[in-house]
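A short worksheet on the structure shown next.
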Amino acid sequence: MHNEIVTFLNAEVAGCNAVANIAEVGDSSVTIASTHIKQACSALKNSDKFKMNVLQVISGVDYLEEKEIEINYIMASFIENTELILKARVPRGDDNNLPSVESVCDIWKSANYLERETYDMLGVVFENHPDHRRILCPDDWEGYPLRKDYVVQEKYMDMLVNPPEKINRDDIEFFAKMRINHEDPTQVSGSWVDDHAWIDQDLANKAKDRVAEIKAAKKAKTDSADSAEEKGE
């Protein structure tokens, strides 16, 4: 089905650059250019063959090192009993220049809350959304909690966000241990900084040292590759 959808989209939506991602294990998907999300979704819903009449989920993945966010649209045809994951990537941007895609609210009404949640958690703007505001966090909340570089703010409206008596120390220490033991600790994300006041400092220092070690190794590898390229090797 996925290869058929790719052929269909590339014929119906010029420039969408649809590509099938066929998985040996797990779910296959189709990736398209983010600039053509709305046209592709409309084509899939209105297609006599695919009839994707339901949008079930919009989710996202923050690829921090690649400086991109992937948006996943999980849709289904209750008529044909099929399901599709449609993916698109956008630049991560920053608080002053958030990534954006076109809203699909006028294609599926279910997109309203789904797009708001994706905006709230990952900072992706959905252009022409009829009610574009946060849905889980307060409107003036700082940052986007599912971004991998997110650090929870200390206070909100003069209240401690995570007072000591409500902190789950085990979660903080688990995060630090994961960073120490993972082959690439920069891929381990959490909303706690390594030198959190309620974490064992020896553990925190080991986690920070491990991250610094991997970052230095990555930089050395990049510098070596750049040097070789300059020399024409």
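The number in the numbering used here is simply the position in the sequence shown, starting from 1, with 25 added.
The beta carbon of each residue, even a glycine, is placed where N, CA and C say it ideally should be.
- Apart from the 5 residues on each side of it in sequence, residue 89 sits with its Cβ closer than 7 Å to the Cβ of 173, 174 in its chain, given in chain order.
- Shown here, residue 126 sits in a strand according to DSSP, grouped into three states.
- Annotation for residue 89: no beta strand (DSSP E) segment contains it, and DSSP assigns it neither H nor E.
- Going by beta carbons, residue 55 and residue 27 fall inside the 8 Å limit.
- Note that the stretch 138-147 does not touch the stretch 103-115; fewer than 3 beta-carbon pairs, one per stretch, sit closer than 8 Å.
- Secondary structure of residue 155 (DSSP, three-state): coil.
- For residue 208, the closest of 181, 40, 239 by C-alpha to C-alpha distance is 239.
- The three-state reading of DSSP puts residue 187 in coil, since its state is none of H, G, I, E or B.
- Residues 204, 210, 211 of the same chain have their beta carbon placed closer than 7 Å to that of residue 236, with the five preceding and five following residues left out of the count.
- Residue nearest to residue 39 within the set 48, 57, 199, 241 is 57 (criterion: CA-CA distance).
- A residue is called buried when at least 16 other Cβ atoms come within 10 angstroms of its Cβ; residue 73 does not meet this threshold and is exposed.
- Residue 101 carries a strand assignment under DSSP once its states are collapsed to helix, strand and coil.
- Selection 169, 77, 198, 163 evaluated against residue 182 yields 163 as nearest (Cα-Cα).
- Residues of the same chain with a CB within less than 6 Å of the CB of residue 213, apart from the 5 flanking positions on each side, are 203, 204, 207 in chain order.
- Taking all protein chains in view, the Cβ of residue 138 is surrounded by fewer than 16 other Cβ atoms within 10 Å, so the residue is classified as exposed.
- Around the beta carbon of residue 87, a 10 Å sphere encloses 16 or more other beta carbons of the protein chains shown; the residue is thus reported as buried.
- In terms of Cα proximity to residue 94, the closest of 197, 169, 158 is 169.
- In this chain, the beta strand (DSSP E) harbouring residue 54 covers 54-56.
- In chain order, 43 place their CB closer than 6 Å to the CB of residue 35, counting only its own chain and leaving out the 5 sequence neighbours on each side.
- For residue 78, the CB contacts under 7 Å within the same chain, skipping 5 residues up- and downstream, are 70, 102, 103, 104 in chain order.
- When DSSP states are grouped into helix, strand and coil, residue 116 belongs to the strand group.
- Contact annotation, residue 185 with residue 179: C-beta distance approximately 7 Å; criterion of less than 8 Å satisfied.
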